[in-house]
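In the UniProt record's numbering, the protein residues as written are 1 to 201. Here a beta-carbon is modelled for each residue, glycine too, at the ideal position from N, C-alpha and C.
What follows is the structure, given as structure tokens:
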């Protein structure tokens with residue numbers, strides 16, 4: 001974890017002060033850096049990094065779509081969506097970003113529609129399942145929400161963000177037996193990693 005943080009700090013420093021110094025490294029290196037940033041929650045940094053080199057490849061645009069969506073920054077999502085070329089408007093990343101935009105707007109049925117298309121294209125996209133579960137939950141469709149949360153967790157059983165959200169849902173839905181099982185699993189994860197801090201955001 002410490003090495004990863006040092007790597008990200010180095011990248012952010014270099015991007016800030018060296019501009020396009022990585023431009024000669026090749027597309028795969030750029031994609032790896034962006035994926036590392038996005039995977040660490042540095043969504044806006046990943047997008048900012050993509051503009052430090054002259055590469056308008058489809059992979060970069062797709063990564064920008066995913067990073068913008070996961071940032072939950074609605075103006076940023078709209079800006080990225082509006083700049084997507086027609087050739088990528090059928091990509092799973094486009095539908096994911098569109099689904100998150102609808103989710104943030106409170107248009108849950110439209111969000112479910114967009115995320116369903118994303119899932120058809122990639123059934124293993126955990127965050128499409130997760131935000132679809134949130135859509136169902138906020139639409140008071142608890143049966144569908146419960147099923148969809150379980151699909152997300154089956155893909156990433158130790159994803160604490162999803163597990164905590166699911167636990168809150170189960171408490172709200174008064175599904176006590178399932179709630180107790182999920183809480184126990186969360187505590188087991190924390191007990192195996194002393195660096196984790198228990199918080200219920």
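- Message: residue 76 and residue 96 - do their beta-carbons sit closer together than 8 Å?
- Response: Along the chain shown, one-based indexing puts residue 96 at 96. Along the chain shown, one-based indexing puts residue 76 at 76. In this structure, residue 96 sits away from residue 76, with a CB-CB distance that is not shorter than 8 Å.
- Could you check where the alpha helix (DSSP H) with residue 105 kicks off and where it finishes? Looking up residue 105 in the chain shown gives position 105. That run of the alpha helix (DSSP H) goes 92 to 105.
- Query: For residue 89, which of helix, strand or coil comes out of DSSP?
  - Reply: The residue you call residue 89 lines up with position 89 of the chain shown. When secondary structure is reduced to three states using DSSP, residue 89 falls in the coil class, being assigned neither helix nor strand.
- Return the CA-CA distance between residue 171 and residue 130, expressed in angstroms with no decimal places. As a working note, residue 171 is residue 171 in the chain shown. As a working note, residue 130 is residue 130 in the chain shown. Between the alpha carbons of residue 171 and residue 130 lies a distance of about 17 Å.
- residue 92: which of 66, 74, 109 sits nearest, CA to CA? As a working mapping, residue 92 is identified with position 92 in the chain shown. Nearest option by C-alpha distance: 66.
- Message: Looking at the secondary structure, which residues open and close the alpha helix (DSSP H) in which residue 193 lies?
- Response: Numbered from 1 along the chain shown, position 193 holds the residue referred to as residue 193. No alpha helix (DSSP H) holds residue 193; DSSP gives it neither H nor E.
- What's the gap between the Cα of residue 178 and the Cα of residue 184? As a first step, residue 178 must be located in the chain shown, where it is residue number 178. As a first step, residue 184 must be located in the chain shown, where it is residue number 184. Taking the straight line joining both Cα atoms gives about 10 Å.
- In angstroms with no decimal places, state the Cα-to-Cα distance between residue 154 and residue 167. As a position in the chain shown, residue 154 is number 154, starting the count at 1. As a position in the chain shown, residue 167 is number 167, starting the count at 1. Using only the alpha carbons, I get a separation of about 15 Å.
- If you count every other CB in all the chains shown that lies within 10 Å of the CB of residue 191, and 16 or more means buried, which is it? Here residue 191 is taken as the residue at index 191 of the chain shown, counted from 1. Counting other Cβ atoms within 10 Å of its Cβ, residue 191 stays below 16 and is therefore classed as exposed.
- Item | Proximity to residue 127 [Cα-Cα], best of 180, 109, 151 | The count along the chain shown starts at 1 and reaches residue 127 at position 127. For the residues 180, 109, 151, the minimum Cα distance to residue 127 belongs to 151.
- Starting from the Cα of residue 224, find the closest Cα among 112, 117, 102, 146 and give me that residue. As shown, the chain starts at 1 and ends at 201. That puts residue 224 outside it, with no answer to give.
- Task: Write down the C-beta distance between residue 133 and residue 149 rounded to the nearest angstrom, noting that I regard them as a contact closer than 8 Å.
- Result: By one-based count along the chain shown, residue 133 stands at place 133. By one-based count along the chain shown, residue 149 stands at place 149. Right, their Cβ atoms sit about 4 Å apart.
- For residue 70 and residue 163, the rounded distance between their alpha carbons: Position 163 of the chain shown, counted from the start, is the residue given in the question as residue 163. Position 70 of the chain shown, counted from the start, is the residue given in the question as residue 70. Spanning the two alpha carbons is a distance of roughly 17 Å.
- Message: Am I right that residue 99 and residue 111 are in contact with their C-beta atoms under 8 Å? What's the rounded C-beta distance?
- Response: As a first step, residue 99 is located in the chain shown; it is residue number 99 there, counting from the start. As a first step, residue 111 is located in the chain shown; it is residue number 111 there, counting from the start. Contact flag correct, Cβ pair sits at about 5 Å.
- Task: Could you name each continuous alpha helix (DSSP H) segment of 4 residues or more that falls completely within the UniProt repeat "TPR" (126 to 159), going from the start of the chain to the end?
- Result: Runs found: 126 to 138, 142 to 155.
- Keeping to the same chain, check which residues put their C-beta closer than 6 Å to that of residue 104; ignore five residues upstream and five downstream. Counting from one through the chain shown, the residue named residue 104 turns up at place 104. Within the same chain, residue 104 has close Cβ partners 74.
- Expected contact under 8 Å - CB spacing of residue 137 and residue 145 to nearest Å: In the chain shown, the residue the question calls residue 137 occupies position 137. In the chain shown, the residue the question calls residue 145 occupies position 145. So it is a contact: roughly 4 Å between Cβ atoms.
- Message: Assuming residue 60 is part of the alpha helix (DSSP H), what are its boundary residues?
- Response: Taking the chain shown and counting its residues from 1, the one referred to as residue 60 is at position 60. 58 to 71 is the span of the alpha helix (DSSP H), which, as asked, contains residue 60.
- Using three-state DSSP, classify residue 124 as helix, strand or coil. Here residue 124 is taken as the residue at index 124 of the chain shown, counted from 1. Of the three classes helix, strand and coil, the one that applies to residue 124 here is coil, per DSSP.
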